[in-house]
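Working notes for the structure below.
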Amino acid sequence: SLLARAQNFSSFKHDHTIKHLIGITPQGYISFISKGLGGRTSDKYVTENSKFLDNLLPGDIILADRGF
């Protein structure tokens, strides 16, 4: 549909994309994968609405790339 195409279009990538938030432990294990959201979705929205933050414990540290 036209709406789905618009939600998945990333003006940054100039293409249709899907965005996932992936958590990785210091040992290299995947600890979290969010559901896929349209590429137009902001990184902040994905982080705040993916339940990723609910898994953190006091003292946990998050490292993210600059583009995130």
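Going by my numbering, the sequence shown opens with residue -5, and the numbers climb by one from there.
We put the CB at the ideal spot given by N, CA and C, even for glycine.
Nothing here was measured: the structure is a model prediction, and the numbers come from that model.
Burial state of L15 (16 or more Cβ within 10 Å): For the purposes of this step, residue 15 is taken as residue 21 along the sequence shown, with counting starting at 1. Answer is buried; the Cβ neighbour count reaches 16.
Those residues which DSSP pairs with I27 across a bridge: In the sequence shown, counting from the first residue as 1, residue 27 sits at position 33. In DSSP, I27 forms a bridge with I16.
Cα-Cα separation between P149 and K38, rounded to whole angstroms: In this structure the chain extends from -5 to 62, so residue 149 is not present and cannot be described.
Buried versus exposed call for L47 [16 or more other C-beta atoms within 10 Å across all chains shown]: Residue 47 sits at position 53 when you count from the first residue of the sequence shown. Exposed, because fewer than 16 other Cβ atoms sit within 10 Å of the Cβ of L47.
Range of the contiguous alpha helix (DSSP H) that encloses K38: Position 44 of the sequence shown, counting from 1, holds the residue named residue 38. Run containing K38: 37 to 43, per the alpha helix (DSSP H) assignment.
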